[in-house]
Amino acid sequence: MSILVTGGAGFIGANFVLDWLTQSDETVINLDLLTYAGNRESLSSLDDDARHVFVQGDIGDSALVAALLAQHQPRALINFAAESHVDRSIHGPEDFVQTNIVGSFRLLEAVRTHWNGLQGDAKQDFRFLHVSTDEVYGSLGKADPAFTETHRYAPNSPYSASKAASDHLVRAYHHTYGLPVLTSNCSNNYGPYQFPEKLIPLMIVNALAGKPLPVYGDGQQIRDWLYVTDHCSAIRRVLEAGTVGEIYNIGGWNEKPNLDIIHIVCTLLDEFRARADGQAYSKQITTVA
Numbered sequence: 001m002s003i004l005v006t007g008g009a010g011f012i013g014a015n016f017v018l019d020w021l022t023q024s025d026e027t028v029i030n031l032d033l034l035t036y037a038g039n040r041e042s043l044s045s046l047d048d049d050a051r052h053v054f055v056q057g058d059i060g061d062s063a064l065v066a067a068l069l070a071q072h073q074p075r076a077l078i079n080f081a082a083e084s085h086v087d088r089s090i091h092g093p094e095d096f097v098q099t100n101i102v103g104s105f106r107l108l109e110a111v112r113t114h115w116n117g118l119q120g121d122a123k124q125d126f127r128f129l130h131v132s133t134d135e136v137y138g139s140l141g142k143a144d145p146a147f148t149e150t151h152r153y154a155p156n157s158p159y160s161a162s163k164a165a166s167d168h169l170v171r172a173y174h175h176t177y178g179l180p181v182l183t184s185n186c187s188n189n190y191g192p193y194q195f196p197e198k199l200i201p202l203m204i205v206n207a208l209a210g211k212p213l214p215v216y217g218d219g220q221q222i223r224d225w226l227y228v229t230d231h232c233s234a235i236r237r238v239l240e241a242g243t244v245g246e247i248y249n250i251g252g253w254n255e256k257p258n259l260d261i262i263h264i265v266c267t268l269l270d271e272f273r274a275r276a277d278g279q280a281y282s283k284q285i286t287t288v289a
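Take 1 as the starting number for the sequence shown in the UniProt record's numbering and just add one per residue.
Next up, the structure:
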């Protein structure tokens, strides 16, 4: 048996692959284009592991995806492949449209063709799990309740709009073609192998380098935070027990303003890597308009 993971050299994807192979003997076919956010070094511990088959390629390459599906006959495809940074989407939205919308469409088409050719239990048991984000729901205020699976979509950036579009495509392929899909929408993750442009690793890197710790506006933007391996466990559970066609929100019940997160990081660094001058790292916090 095997599974096909797309985007498995990215932050969450790599953690999922590593976590999966600590608990399963199933082969993981790992398809990743290795853009700026993909890093083979995150998977270096699997270099001699025959259960991990890495393929560099694009989810938009329908012929490649079709060949991998035909060769390996995975029982499931878990789609992590995405451009995923809000600021990058503002300055260069085209890559987000191409990967998150067009790429998802081509991936779905390849999977639909493959699934239609399956028979018996192989067809009945196949799953397409689309890993998405709570950014599709928009922003929360301090008094707002947590997002639910029935919350209306209200994306506020090219990134979240592109992910919302991919979510809608996945849903449409289930309702139109019967494709056995699952969708998960997760809150902000943190943990090992995270790209340093994200909030928590950026604050750590800048703090240790003596650089400013930028806070946008008043820093009161609220986000829910979840450790990445907890997210991986939830994805595994959705794959194993989720109802086809359903959406599953994954969160940590850990909503905090960004400024609070930055102060927590500073306090931990004060404890474990104190500045040579004895000053608190919070002195480096700088407001950005």
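Beta carbons are placed, not taken as given, at the ideal position from N, Cα and C, and that holds for glycine.
The alpha-carbon separation between L268 and N100 amounts to approximately 36 Å. Non-local beta-carbon contacts of H114 in its own chain, meaning distances under 8 Å to residues more than five positions away in sequence, involve A66, L69 and A70 in chain order. Under the 8 Å Cβ criterion, the region 103 to 119 counts as touching the region 161 to 174, having at least three qualifying pairs.
Rounded to the nearest whole angstrom, the C-alpha separation of Q194 and D121 is 38 Å. In the DSSP assignment, K123 falls within the alpha helix (DSSP H) that extends over G120 to D125. Around the beta-carbon of E135, 16 or more other beta-carbon atoms lie within 10 Å, marking it buried. Non-local beta-carbon contacts of P158 in its own chain, meaning distances under 7 Å to residues more than five positions away in sequence, involve S89, I90, P93 and F96 in chain order.
The DSSP assignment places 213 to 216, 222 to 227, 247 to 250 and 255 to 257 as complete runs of the beta strand (DSSP E) inside the region 197 to 266, in order along the chain (cut-off: 3 residues). Here Y159 carries a helix assignment [DSSP, helix/strand/coil]. Residue environment analysis places A209 among the exposed positions, since fewer than 16 neighbouring C-beta atoms fall within 10 angstroms of its C-beta. Residue range A76 to N79 is occupied by the beta strand (DSSP E) that includes A76. Excluding five sequence positions before and after P201, the CB atoms of its chain that fall closer than 6 Å to its own CB belong to Q194, given in chain order. For the 8 Å CB-CB criterion, T183 and S132 form a contact. Cβ neighbours of A9 within its own chain (closer than 8 Å, five residues either side excluded): N30, D32, L34, G38, N39, R40, S42, L43 and F54. Collapsing the DSSP output to three states places T133 in a strand. Distance from the CA of F147 to the CA of L64, rounded to the nearest whole angstrom, comes to 37 Å. For the set T6, P155 and Q279, the Cα lying nearest the Cα of H130 is the one of T6. Rounded to whole angstroms, the Cβ separation of I261 and L213 is 11 Å, and the two are not in contact under 8 Å. By the neighbour-count criterion, in which a residue is buried when 16 or more other Cβ atoms sit within 10 angstroms of its Cβ, H175 is exposed.
In this structure, Y248 and V238 form a Cβ contact; the two beta carbons are roughly 5 Å apart against a cut-off of 8 Å.
Its Cα nearest to that of N15, the residue D230 stands out among D218, Y281 and D230. The DSSP-derived three-state label of T150 is coil. Secondary structure note for D95: its alpha helix (DSSP H) is the uninterrupted segment P93 to F96.
DSSP places L4 in the uninterrupted beta strand (DSSP E) bounded by S2 to T6.
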